[in-house]
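> Just so you know, the sequence shown maps onto residues 1 to 263 in this note's numbering.
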Amino acid sequence: MYPVKRIFLVAIIVILGLILWWQFAPRDTVSVDNELEKADLIRLDTPRPNQIISSPLAIKGVARGYWFFEASFPVVLVNWDGLIIAQGIATAQDEWMTEDFVPFEATLTFTVEKDVYSNRGALILRKDNPSGLPEHDDALEIPVMFEKVESDDSGILPFNSGVSGIVSLGPTCPVMQYPPDPDCNDKPFETTVQVFAKNSASTAPFAVTRTDKEGRYSFALPPGGYTLQAVSGKPFPSCGAQSITIEPEVAIEVNLSCDTGIR
1 MYPVKRIFLV
11 AIIVILGLIL
21 WWQFAPRDTV
31 SVDNELEKAD
41 LIRLDTPRPN
51 QIISSPLAIK
61 GVARGYWFFE
71 ASFPVVLVNW
81 DGLIIAQGIA
91 TAQDEWMTED
101 FVPFEATLTF
111 TVEKDVYSNR
121 GALILRKDNP
131 SGLPEHDDAL
141 EIPVMFEKVE
151 SDDSGILPFN
161 SGVSGIVSLG
171 PTCPVMQYPP
181 DPDCNDKPFE
191 TTVQVFAKNS
201 ASTAPFAVTR
211 TDKEGRYSFA
221 LPPGGYTLQA
231 VSGKPFPSCG
241 AQSITIEPEV
251 AIEVNLSCDT
261 GIR
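1. Please classify Val75 as buried or exposed, where buried requires at least 16 neighbouring CB atoms within 10 angstroms.
2. Work out the CA separation of Ile15 and Ser72 for me, nearest whole Å.
3. Let me confirm a value: Val254 is counted as buried when at least 16 other C-beta atoms fall within 10 Å, else exposed. Which label applies?
4. Do the segment 216 to 227 and the segment 132 to 150 touch if we need at least three Cβ pairs shorter than 8 angstroms?
5. At 3 residues or longer, what runs of the beta strand (DSSP E) sit wholly inside the segment 30 to 107?
6. Under the DSSP definition of a beta bridge, which residues are partnered with Gly225?
7. Taking DSSP's pairing of strands, which residues face Thr111 in a bridge?
8. Residues in its own chain within less than 6 angstroms of Ser55 by CB, not counting five upstream and five downstream?
9. With DSSP as the reference, please indicate the residues paired to Ile142 in a beta bridge.
10. Rounded to whole angstroms, what's the CA-CA distance from Val116 to Gly233? Just pull it up for me.
11. Between which two residues does the beta strand (DSSP E) containing Ser164 stretch?
12. Let me check understanding here. Comparing Cα to Cα, which of Gly170, Thr203 and Gln93 lies closest to Lys187?
13. For my contact list, Ser218 and Ser257 are in at a C-beta cut-off of 8 angstroms; report their separation, rounded to the angstrom.
14. May I have the straight-line CA-CA distance separating Ala90 from Ile59, to the nearest angstrom?
15. Relative to the C-alpha of Ile124, which candidate in Ile142, Ile252, Thr46 and Glu113 has its C-alpha closest?
16. Please confirm whether Leu77 and Ala63 have their CB atoms less than 7 angstroms apart.
17. For Asn79, tell me which candidate among Glu37, Ile244, Ile53 and Gly132 has the shortest Cα-Cα distance.
18. For Leu9, which of helix, strand or coil comes out of DSSP?
19. Measure the C-alpha to C-alpha separation of Gln51 and Ile13 and round it to an integer number of angstroms.
Structural data, given as structure tokens:
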């Protein structure tokens, strides 16, 4: 009987070990974060959860009109440890002042370190919250995987070229005065600036950013031809488009002007 008992005891230990392994072994599951939870507010067509992405990243989907403010909302891309590596603005492609779903598009340009610890990251689409009150914050977050970055000798990755400048708004007084009144000088304009790649089949912006309180904007761009466009009002302020050419390893400065319509 003793050998039988020993065999029985060993069998029990093996079974218990298998049960514990099953409970604690890592699962090869697919994380979608809070996509299902937010499905009635915002839906992402591309990229999809856990998709391998590369720069420039085209973002498309639909969101309820109240997810936007002034036809846009912020988009952020973070790496594996939560550091922001790209941010921009998603813009409505239809009338946004509705409770229905409105299509949106955005484009993010980013670089990933060659020897990065992990190729995992997250794309975060934040509800625009002009009030700044935390109770009105909301966001859709999906996991993504960055395409493996190989060594590059072209000087393009990371982009060592781009454009920066100031967006100004004027005139601010109906009558020019002499001597000039400092209060009538052009003012910095907080707005959205879009970059469109020339000869591109896509109508979506190549990159989008917001100016700061001083009206400053900045883009890191690969060499090529582009059009800069500060977002205008209806009908004012009116902002003209500016064609630019980016050369390898050159950063240029281009200031943009918007007309208030004051005469």
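The beta-carbon is built from N, C-alpha and C at its ideal position, and this holds for glycine as well.
With the given structure in hand:
1. buried
2. 57 angstroms
3. Its Cβ having fewer than 16 others within 10 Å, Val254 is exposed.
4. no
5. 42 to 46, 57 to 64, 72 to 78 and 84 to 92
6. Thr245.
7. Looking at the DSSP assignment, Thr111 forms no beta bridge with any residue, so it has no partner.
8. Thr109 and Phe110
9. Leu123
10. Looking at the two C-alpha atoms, the distance is approximately 42 angstroms.
11. Gly162 to Gly170
12. Gly170
13. So it is not a contact: roughly 18 angstroms between Cβ atoms.
14. A direct Cα-Cα distance of roughly 8 angstroms separates Ala90 from Ile59.
15. Ile142
16. no
17. Ile53
18. helix
19. 41 angstroms
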